[in-house]
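In the order they appear, the protein sequences are chains A and B. In terms of my numbering, the first sequence has 81 at position 81, counting the first letter as 1, and numbering is strictly consecutive. In my numbering, each residue carries its 1-based index in the second sequence increased by 115. Just so it is clear, CB atoms sit at the ideal spot from N, CA and C, and this is done for glycine as well.
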Amino acid sequence: MKLEGTAKMLRIHFGEDDKWKDKPLYRAIVEKCRELDIAGATVFRGIEGYGASTLIRRPHHLSFSHDAPLMVSVIDSEEQIQKLLPFLDEMVAEGLIAMSNVEVIKYVHQDGKRS
Amino acid sequence: MLTAGPAKKVILYVGEDHQYHGQSLYSAILNFLFYRGISGASVIRGIAGFGADHHLHTMRIERLTENLPIKIEFVESAEKVEELLPKLSELVGSGLIEIQDTTVVKPSEESAKTSAKPVTPSLRSEGKAKLMRIFVGENDRWHDMPLYRALLESMRANDIAGATVYQGILGYGANRRIHKETTLNLSHDRPMMLSVVDSEEKLRAYFPILDGMVEQGLVVLSDADVIKYTHSLTNPEKKKEAQK
């Protein structure tokens, strides 16, 4: 896989408790990206936030029902990102998807080196 | 890389208790030299001494070993020394810098592969800048140090305006391996992202160093507008007001 020059970065914001077919939405998105052979995807957990619903999401240390804000960052060529968008549209019921331009400086991997 | 022949020996004298941006001054200087690709440097602690302030610093118990003299020595080519001097003079503050002519008889075998870059102006408080994101794995290492920490330190040593490390909870990258946090396993390899903002020139000047450190991962650059960039050191009154 090669990625160079100008690419697109997609950032998808939603909550940790959001589900897609009984599976955490973030996991479903990462799996979908892999299925479509997208160059890479990373999920980040925020510590506080609010979104379209204006409901403040804040992880509670004392309860298990924390709905922390999550962000999935996906970077690939525009063509690949366009392939992903229809699926995201269907999967992300409530959330934000933003796209921006990025310039790829480096994209490398070494087969089998990481254990 | 240091070769046999004429060279310069630089000696900096500072106090052990002197601080630079929240870390001890001598380690800030050592970091700077390290990430600028100096072949080698030594820090030597004196047992007593005095300087411009004519204060005697000693190890006598009743005075509770305070601010002992520290000597930082390194040998480099004249050009490299010339290049580093402005920043070193700024770092050393009230301390002393001494340069001697010396001759390298036998250079040490291995030298760092990072190279120094000319100093470019630092981030202004507003305007156009670039945002660089670096994606690596938590377990990636550079010289026995976590790669993300080494990157952060090398950026600091190269005067990059600021960098933040984010830890991801799930992800995959170029090598198609899924990285995730597992509660039952301590040796998890989570995805890490460094977000760095500075002027385009400074980031581009830093690329060769970055290139030598990141063996696998993704580095992307995008445009950013700096709305505000301040720190309390230049604006102590504002900080006080904010705390009220």
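When you compare the CB of residue i with every CB in chain B, is at least one pair closer than 9 Å?
{"i": "Glu103(A)", "result": "yes"}
{"i": "His109(A)", "result": "yes"}
{"i": "Tyr26(A)", "result": "yes"}
{"i": "Phe14(A)", "result": "no"}
{"i": "Met91(A)", "result": "no"}
{"i": "Leu84(A)", "result": "no"}
{"i": "Leu96(A)", "result": "no"}
{"i": "Leu36(A)", "result": "no"}
Please state whether the Cβ-Cβ distance between residue i and residue j is less than 9 Å.
{"i": "Ile144(B)", "j": "Arg160(B)", "result": "no"}
{"i": "Gly288(B)", "j": "Pro306(B)", "result": "yes"}
{"i": "Ile187(B)", "j": "Val158(B)", "result": "yes"}
{"i": "Asp16(A)", "j": "Ala93(A)", "result": "According to the sequence displayed, residue 16(A) carries Glu and not Asp. No, the pair does not count as a contact, with Cβ atoms beyond the cut-off."}
{"i": "Asp304(B)", "j": "Glu253(B)", "result": "yes"}
{"i": "Gly210(B)", "j": "Val312(B)", "result": "no"}
{"i": "His133(B)", "j": "Gly208(B)", "result": "yes"}
{"i": "Ala276(B)", "j": "Ser337(B)", "result": "no"}
{"i": "Ser154(B)", "j": "Val196(B)", "result": "no"}
{"i": "Gly40(A)", "j": "Asp18(A)", "result": "no"}
{"i": "Ile214(B)", "j": "Val329(B)", "result": "no"}
Could you tell me which chain A residues have their CB closer than 9 Å to the CB of residue i, listed as they occur along the chain?
{"i": "Ser337(B)", "result": "Met9, Ser100, Asn101, Val102, Glu103"}
Chain A beta carbons: is any one of them nearer than 9 Å to that of residue i?
{"i": "Met260(B)", "result": "no"}
{"i": "Glu213(B)", "result": "no"}
{"i": "Ser226(B)", "result": "Low local confidence applies: a pLDDT of 45 at Ser226(B) is under 50, so the model's placement there is unreliable, with the coordinate-based value given in what follows. False, the Cβ-Cβ gap to chain A never drops below 9 Å."}
{"i": "Met270(B)", "result": "no"}
{"i": "Pro222(B)", "result": "no"}
{"i": "Tyr281(B)", "result": "yes"}
{"i": "Ser230(B)", "result": "Here the model assigns Ser230(B) a pLDDT of 44, short of 50, so the residue's position is not dependable and the matter cannot be decided."}
Can you name the residues that DSSP bridges to residue i?
{"i": "Phe44(A)", "result": "Met71(A), Gly283(B)"}
{"i": "Gly252(B)", "result": "Pro306(B)"}
{"i": "Val190(B)", "result": "Lys124(B)"}
{"i": "Arg121(A)", "result": "No answer is possible for residue 121(A): it lies beyond the span of chain A, which begins at 1 and ends at 115."}
{"i": "Gln215(B)", "result": "Lys124(B)"}
Please report the Cβ distance between residue i and residue j, rounded to the nearest whole angstrom; I am assuming they are in contact, meaning their Cβ atoms lie under 8 Å.
{"i": "Val74(A)", "j": "Gly332(B)", "result": "Wrong, their Cβ atoms sit about 16 Å apart, outside the cutoff."}
{"i": "Val104(A)", "j": "Leu25(A)", "result": "Not confirmed; about 27 Å, so no contact."}
{"i": "Arg271(B)", "j": "Ser310(B)", "result": "Rounded, the Cβ-Cβ distance is 15 Å, inconsistent with contact."}
{"i": "Thr217(B)", "j": "Ala122(B)", "result": "6 Å"}
{"i": "Val43(A)", "j": "Leu285(B)", "result": "4 Å"}
{"i": "Val335(B)", "j": "Met9(A)", "result": "7 Å"}
{"i": "Leu206(B)", "j": "Phe147(B)", "result": "7 Å"}
{"i": "His13(A)", "j": "Leu96(A)", "result": "4 Å"}
{"i": "Ser192(B)", "j": "Leu117(B)", "result": "7 Å"}
{"i": "Ala156(B)", "j": "Leu246(B)", "result": "About 33 Å separates the two Cβ atoms, so there is no contact after all."}
{"i": "Ile324(B)", "j": "Asn273(B)", "result": "7 Å"}
{"i": "Leu84(A)", "j": "Ile38(A)", "result": "6 Å"}
Under 8 Å between beta-carbons, which chain B residues line up against residue i? List them in chain order, please.
{"i": "Gly41(A)", "result": "According to the sequence shown, residue 41(A) is Ala rather than Gly. Gly286, Tyr287, listed in chain order."}
{"i": "Lys32(A)", "result": "Neighbours of Lys32(A) on chain B: none; closest Cβ ~12 Å, over 8 Å."}
{"i": "Lys106(A)", "result": "Leu325, Asp326, Val329, Gly332, Leu333, Val334"}
So with CB distances below 7 Å, who are the chain B contacts of residue i?
{"i": "Val87(A)", "result": "The displayed chain sequence assigns Phe, not Val, to residue 87(A). Those within 7 Å of Phe87(A) in chain B number zero; the least Cβ separation is about 17 Å."}
For a contact meaning CB atoms closer than 9 Å, what does residue i contact in chain B?
{"i": "Ile75(A)", "result": "Arg248, Phe250, Leu333, Val335"}
Strictly below 7 Å CB to CB, what residues from chain A border residue i?
{"i": "Pro306(B)", "result": "Thr42"}
{"i": "Phe322(B)", "result": "Ile105"}
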